[in-house]
Amino acid sequence: SLQEKEDAISKMGASVQGDGVAKEEKEQVFAELMFLSKSFQELEASLETNRQNYEECIQSFEEEAAVKEKLILDLRKELEVAQKKISSLESQVSDLTAELVEERRKNEHLTGVVSSLRSEMDAIRSNA
């Protein structure tokens, strides 16, 4: 943790002071330690910011995925309904086609009957 690092830096500072090292060297080591400590704090802050950004991105992607999954489910339901309608319409077309064929057959038969009756009427008129 940050507190442990600061404690270690303080101990190093105390150790350096007790060794009889020249004041100038002590100040240089202390300045370097302070710089490293500040750099470490900045790195920790940067890592925390990155962690928060990544978590927000992950949450955003998860929310987007949930919306898309719901959309897919809705589209699948719509597709199922549409397929049932298509099946129903195909059945109706088949029934109507069969009726049309039957009606055409009846019309051909009736046309033949009418033609035959006309021929008989023409024959009766010509004989009368």
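The sequence shown maps to residues 126 to 253 in the numbering used here. For every residue, glycine included, the Cβ atom is placed at its ideal position computed from N, Cα and C. Here the structure is a predicted model, which means the values were calculated and not measured.
Residue i versus residue j: straight-line alpha-carbon distance, rounded
i      : j      : result
GLU150 : MET159 : 14 Å
THR222 : SER216 : 10 Å
ARG201 : VAL192 : 14 Å
PHE186 : ASP220 : 50 Å
LYS210 : ARG243 : 48 Å
ALA156 : LYS195 : 58 Å
Per-residue DSSP class, three states only, for residue i
i      : result
ALA156 : helix
ALA223 : helix
ALA147 : coil
ALA253 : coil
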